[in-house]
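Participant: I have a structure I would like to understand better, so I am pasting it below and will then ask my questions one at a time.
There are 2 protein chains.
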Amino acid sequence: MFYICSSKTNTTRMPSISNKAVAMPASPIRKLVPFADAAKKKGTKIYHLNIGQPDIETPASFLNAVRNSDMKIVEYSHSAGNESYRKKLCGYYKEYNITVDPSDIIITCGGSEAIEIAMLTCFNPGDEIIIPEPFYANYNGFSRAADVVVKPIRSFIDSGFALPPIAEFEKAITPKTKGIMICNPGNPTGYLYTKAELEALKEVVKKHDLFLLSDEVYREFCYDGKEYVSVMHLSGIENNVILLDSISKRYSACGARIGAMISRNKEIMNAALKFAQARLSPPSYGQIGAEAALETPRSYFDGVKKEYVSRRDFVIESLNKMPGVFCPKPSGAFYCIAKLPIDNADKFCQWLLEEFSHDQKTVMLAPATGFYSTPGAGINEVRIAYVLNLEDLKNAMVCLEKALQVYPGKTN
Amino acid sequence: MFYICSSKTNTTRMPSISNKAVAMPASPIRKLVPFADAAKKKGTKIYHLNIGQPDIETPASFLNAVRNSDMKIVEYSHSAGNESYRKKLCGYYKEYNITVDPSDIIITCGGSEAIEIAMLTCFNPGDEIIIPEPFYANYNGFSRAADVVVKPIRSFIDSGFALPPIAEFEKAITPKTKGIMICNPGNPTGYLYTKAELEALKEVVKKHDLFLLSDEVYREFCYDGKEYVSVMHLSGIENNVILLDSISKRYSACGARIGAMISRNKEIMNAALKFAQARLSPPSYGQIGAEAALETPRSYFDGVKKEYVSRRDFVIESLNKMPGVFCPKPSGAFYCIAKLPIDNADKFCQWLLEEFSHDQKTVMLAPATGFYSTPGAGINEVRIAYVLNLEDLKNAMVCLEKALQVYPGKTN
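Line by line, the protein sequences give chains V and Z.
Here the numbering used here is used: the first sequence runs in plain steps of one and ends on residue 597.
Here the numbering used here is used: the second sequence runs in plain steps of one and ends on residue 597.
Here it is in C-alpha cells:
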C-alpha cells in the first residue's frame, strides 16, 4: 500500500501496527489533494465541488456568542454537554415533531463522535450492519475502528437512489446482523426517504429486532416542499432508534465540532454516557456558539435553502444537458451523484487535476467509487457538492463540459 | 449493575447493547456526583479535591485570540490540525529538547482522542498493554473501547509510586503483550520518573519490541528542580514511542479539547491520520487559542508552578500530621495519593458527602480504588487534587482531619 513507509528503512525495529490500521480506508475525498496542490502550484484555479464545506456564513448569533464569551477558565463541561444547551435543543427538535428530553441527548465532538460512540455502544466486533450504498465514506472508517462489518445493499442512480427493496434487506440479514444505518437526507446522494420507505424499514427493524442508526444532519436542507420524516417519528421501535446529528451543516460551522447522539432508550444512553465520560467533555466554545445559534431566525434558513435550490437546479440542468451525462434531481442535502460517459471516475478526477485545464481553470470532483463498498460499483459516477456560488458553479460546469469532450477515456 | 435500566420495563423489545458497553467502567471520579449534589442541596459547602479541573485562569493570549477571531465561516481544519499550529508546536517541544517536525504531530480532540487513536493504530482486539497502577482511570475506558486488555503492574505508596522493578514487567509479558503505557509526571500519583527508570523501561521495550505510549500532559508541572525526562529523549526506540499530549492542564483550558498524538514513526502516523481523517478535524476555536497560547510568557508558568508548589507543600504537610495518614511528596502534576486510617475509601468518600459536615462544610475526594485494576488495591487510599487556593485547601484539610476523627469505619 502506497501510504505505508517500509519499516525496513528505519534504524530500529518496530512492532507491527494493528490490522484495522492497515485495513482502514484512506479518505477517498482527500486522496486527490496532492494532485490539487500541484495544479494550484502551476497556477490553475480549482473549483472545489469535492467536499461538503459550505461557503455560507456561520450565523452571527453563533460567532458573536463565542466572541463575547467571558470565560476566565475554559473548563470541562458536563460529559453529556451543557445542560442549558441540551434543554434548548429539545425545543429545536420539538419544531420537527421530535419529542426528547435532555437525558436522551449526549453532545458529541461533531457528528463523527456520535457515530463512534453509537457503534461502540451497540456492536460487538464481528457484528454486521447493513447500509444502503452509496453511503458517506467515513461510515467505513468508523466501522473498521469498531471492528463492525458493513454489509452494503445497492441503491441505483436510475431510481435516484431510492431505498433498495425490503427483500434485499431480508436477503442480507444473517444471525450476525445487529443494525441498519441510513443517512437522510442522503450524503452523497441527496435522496430524501419517503414516509412509506421509512415505514417499510421499520417493519424489518422490528421483525429482526435491530438497531436503526440514522444520520440526519441535513434535515434543514429539504427542498420542493417535500416532507422530512425522521426515524424518531416511527412508532413502535423507540428502543431501537438512534439519531445521529451535527450542527456542522445546519449552521455552516463544521469546525466547531458539535454533534449529538440521541435515543429514547435509557440503556443505550446510560452505556453511551460511560464512553462520553471517558473522553471527558465536548468542546466548550462550540457549545457556546451552538446554544446561541438556536436563536437563528427562520429567515436565515429560508435564505440558505433558496440559495441551495437555485444552485441545485442550475447544476442538475447543466449536467443533464451534457451528452451522455445523467444526474437525478435530489430533494435534499447539497450533493448529487452524476453518471458520466467515462471509463473510470478515479482516473477522470485525477486527470482533471493533473492534465486538464480550461482557461487556466479546472474542477475537483469526488469519485463515487469511494462511497460504494461493492468493488467496481460507481466506476463511472462522481459526487458533486454544490457548495459554491452560482458564478463559480457556472465556470465549474463549463470546465466539466469541456473536459468530457477531450478526456481520453470517454466512452461515447 | 445499578446503572443499567431493565429493558423489560420498556414497551418494545430491543437488541442487546455491546459487551464492551456493559463492561465499560463508569467514571470512578464522577460516580459520587449525585451524593455531592444532595449535600449541596442541604446547604453544605463542598471543597472539590476530587477532579483535576484547575482554578488557574486560562492565559489571556488564549482567551483573546478566540475573542478576536474574525472567522466568517467556522470551517473544517486539516485533519491533522492547522499546519501553522503544528509548526509552532515543534518550537514548543524543542524547548524541552524534543525534536519533531509537523508531520510527526496530529492535533486531537483533547488528550483523550490522542489515546483513542493511538490504541486503534497499535493494538488488535485481545492485545495486552502493561500499565503501572494506580493509573488514570480512563485508560481502562479507552482500552475497553479498543478491546485491548490492560495488564496492571503494581506500584506502591511506600516507595512514592516509583516505577515497579523491571522484573515485574518481564513477568507480565506474554506473547499477546504489544505495549507499555505510562503517565509522566503521573496522574494520580504525582510521581516523576527518573532518567534511570526510563532507561530501564527502554531496554524492556527494545528487547520485546513493544510500543511505548507516554502521557506527558503535566510536563509543565515538575517541582523542586527535578528533571523532566520524556520518552522522546530515549534513543534507539524512536519507532516504538508515541507521545500523548494535551493543553488542558498546561493552559488551564480543559474545555478547549486540544491534544496531540506524536510519533517519529511514519507508519504509525500515516495510519493514525486515516483515523483522524474519518473524524474530519479537531476543534477550530481550541486550535486558535492553543496556537496563540504558545506565546504565553514563561512568567505565567513560573507563577503557576510557584502556586502549585505552595499548595502541595501545605497539603502534604497537613496530611502527614494527621494521625495514621501517610502521603508521599510528589514531584509533579497536581495530585497526591494518601493512605488513610479507614476501612474503605469508597465508603469513606461517600460518607463525607452523605453524613459528615464540619461547620456546614465537607470535602470531596476520589477513592483510589478507581485508579487500580487489581481488585482490592487502594482500598484505604484516596486521590487528592490540590487545585484550590490555599485558603480553601486549609478549610478542606480541617474538614478531612475532623472527619477522620469521627468516621465510624476508622481503623486506628
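Using N, Cα and C, we set each Cβ at its ideal position, and we do this for glycine too.
Computed from a predicted structure; not experimentally measured.
Count the other CB atoms within 10 Å of the CB of arginine 483 of chain Z; is the residue buried (16 or more) or exposed (fewer)?
Facilitator: Under this definition arginine 483 of chain Z is an exposed residue.
Participant: For the segment 532-549 of chain Z against the segment 377-391 of chain Z, do three or more pairs of beta-carbon atoms, one drawn from each stretch, fall closer than 8 Å, so that the two count as touching?
Facilitator: Cβ pair count under 8 Å is below three, so no.
Participant: What three-state label does DSSP hand glycine 237 of chain Z in the structure shown?
Facilitator: Coil, per DSSP.
Participant: Is the segment 488-501 of chain V touching the segment 239-246 of chain Z in the sense that three or more CB pairs, one from each, lie closer than 8 Å?
Facilitator: Because the criterion of three Cβ pairs below 8 Å is not met, the segment 239-246 of chain Z and the segment 488-501 of chain V do not touch.
Participant: Please list, in chain order, all residues of the same chain as glycine 375 of chain Z whose beta carbon is under 6 Å from its beta carbon, the five residues on each side excluded.
Facilitator: Correct list, in chain order: Pro515, Gly517, Ala518, Tyr520, Cys521.
Participant: I'd like the list of long-range same chain contacts for arginine 442 of chain Z, defined as Cβ closer than 6 Å, with 5 residues on each side in sequence excluded.
Facilitator: Result list for arginine 442 of chain Z: Cys294, Gly295, Pro468, Gly471, in chain order.
Participant: Leaving out five residues on either side along the sequence, give the residues of the same chain with a beta carbon under 6 Å from the beta carbon of phenylalanine 346 of chain V.
Facilitator: Excluding sequence neighbours, phenylalanine 346 of chain V sits near Ser340, Thr374, Tyr376.
Participant: Compare the beta carbon distance of tyrosine 270 of chain V and cysteine 439 of chain Z with 7 Å and say whether it is the shorter of the two.
Facilitator: For tyrosine 270 of chain V and cysteine 439 of chain Z, no; Cβs fall outside 7 Å.
Participant: Check whether the Cβ of cysteine 307 of chain V lies closer than 7 Å to any Cβ atom in chain Z.
Facilitator: Taking Cβ atoms only, chain Z reaches closer than 7 Å to cysteine 307 of chain V, which makes this a yes.
Participant: Determine the direct distance from the alpha carbon of glycine 311 of chain V to that of alanine 331 of chain Z, and round the result to whole angstroms.
Facilitator: If you take the alpha carbons of alanine 331 of chain Z and glycine 311 of chain V, they lie about 13 Å apart.
Participant: Which residues of the segment 448-463 of chain Z have a Cβ closer than 8 Å to any Cβ of chain V? Give them in chain order.
Facilitator: So the list reads Asn450, Lys451, Glu452, Ile453, Asn455, Ala456, Ala457, Lys459, Phe460, Gln462, Ala463, given in the order they occur along the chain.
Participant: Pick helix, strand or coil for glycine 444 of chain Z, following the three-state DSSP scheme.
Facilitator: It is a strand residue.
Participant: In three-state DSSP terms, what is proline 552 of chain V?
Facilitator: Reduced to three states, the DSSP call for proline 552 of chain V is strand.
Participant: Taking C-beta pairs closer than 8 Å, name the residues in chain Z that proline 468 of chain V reaches, listed in chain order.
Facilitator: Chain Z residues near proline 468 of chain V: Cys294, Gly440, Ala441, Arg442, Pro468, Tyr470, Gly471.
Participant: Measure the beta-carbon distance from alanine 530 of chain V to glycine 563 of chain V and round it to whole angstroms, keeping in mind my assumption that it falls under 8 Å.
Facilitator: Yes, alanine 530 of chain V and glycine 563 of chain V are in contact; Cβ-Cβ is about 7 Å, under 8 Å.
Participant: Please state the DSSP three-state secondary structure of glycine 296 of chain V.
Facilitator: Helix at glycine 296 of chain V.
Participant: Checking contacts by CB at 7 Å: is valine 259 of chain V closer than that to chain Z?
Facilitator: For valine 259 of chain V, the answer is yes, since a Cβ of chain Z falls inside 7 Å of its Cβ.
Participant: Which residue comes first and which comes last in the alpha helix (DSSP H) that contains tyrosine 321 of chain V?
Facilitator: First-last for tyrosine 321 of chain V: undefined, no H or E at that position.
Participant: Could you check the C-alpha separation between lysine 185 of chain Z and isoleucine 300 of chain Z for me, to the nearest Å?
Facilitator: Only positions 186 to 597 of chain Z appear in this structure, which leaves residue 185 of chain Z out of reach.
Participant: Check distances from the C-beta atoms of the segment 198-222 of chain V to those of chain Z and list, in chain order, the residues that come in under 8 Å.
Facilitator: Listed in sequence order: Arg198, Met199, Pro200, Ile202, Ser203, Asn204, Lys205, Ala206, Val207, Met209, Pro210, Ala211, Ser212, Arg215.
Participant: Counting only beta-carbon atoms, is serine 297 of chain Z nearer than 7 Å to chain V?
Facilitator: It does: the Cβ of serine 297 of chain Z has a partner Cβ on chain V nearer than 7 Å.
Participant: Taking only beta carbons into account, state which residues of the segment 352-384 of chain V come closer than 8 Å to chain Z, listed in chain order.
Facilitator: The segment 352-384 of chain V vs chain Z, Cβ under 8 Å: Lys363, Gly364.
Participant: Under the three-state reduction of DSSP, which class applies to tyrosine 493 of chain Z: helix, strand or coil?
Facilitator: Note: tyrosine 493 of chain Z maps to helix in three-state DSSP.
Participant: In three-state terms, what does DSSP make of threonine 481 of chain V?
Facilitator: Reduced to three states, the DSSP call for threonine 481 of chain V is coil.
Participant: Where DSSP assigns a beta bridge to alanine 570 of chain V, which residues make up the other side?
Facilitator: BP columns for alanine 570 of chain V point to V:Tyr520.
Participant: Quick check on valine 591 of chain V: buried or exposed, where buried means 16 or more other Cβ atoms within 10 Å of its Cβ?
Facilitator: Exposed, because fewer than 16 other Cβ atoms sit within 10 Å of the Cβ of valine 591 of chain V.
Participant: So what does DSSP say about leucine 419 of chain Z, is it helix, strand or coil?
Facilitator: It is coil, neither helix nor strand.
Participant: Give a yes or no on whether 7 Å exceeds the smallest Cβ distance from glutamine 535 of chain Z to chain V.
Facilitator: It does not: the Cβ of glutamine 535 of chain Z has no partner Cβ on chain V nearer than 7 Å.
Participant: Looking at the secondary structure, which residues open and close the beta strand (DSSP E) in which arginine 339 of chain V lies?
Facilitator: Segment 334-339, the beta strand (DSSP E) holding arginine 339 of chain V.
Participant: Exposed or buried, isoleucine 189 of chain Z, counting other C-beta atoms within 10 Å across all chains shown (16 or more means buried)?
Facilitator: Per-residue confidence for isoleucine 189 of chain Z stands at a pLDDT of 38, beneath the threshold of 50, marking its modelled position as unreliable; no derived number is given.
Participant: Give the C-beta separation of serine 203 of chain V and asparagine 450 of chain Z to the nearest angstrom, bearing in mind that I take them to be a contact with Cβ-Cβ under 8 Å.
Facilitator: So it is not a contact: roughly 13 Å between Cβ atoms.
Participant: Our contact map puts valine 500 of chain V next to methionine 582 of chain V with C-beta atoms below 8 Å; I'd like the distance itself, whole angstroms only.
Facilitator: Right, the Cβ-Cβ distance comes to about 7 Å (below 8 Å), so this counts as a contact.
Participant: Would tyrosine 324 of chain V pass as a contact of leucine 348 of chain V if the rule is Cβ separation under 7 Å?
Facilitator: Cβ atoms of tyrosine 324 of chain V and leucine 348 of chain V: not closer than 7 Å.
Participant: Grouping DSSP H, G and I as helix and E and B as strand, with all else coil, what is phenylalanine 486 of chain V?
Facilitator: Note: phenylalanine 486 of chain V maps to helix in three-state DSSP.
Participant: Tell me whether the segment 554-574 of chain Z and the segment 226-234 of chain Z touch, counting them as touching only if at least three CB pairs, one residue from each stretch, are closer than 8 Å.
Facilitator: Yes: the two stretches touch, three or more of their Cβ pairs being nearer than 8 Å.
Participant: Going by the CB atoms, is the gap between glutamate 313 of chain Z and valine 334 of chain Z shorter than 7 Å?
Facilitator: Yes. Within cutoff.
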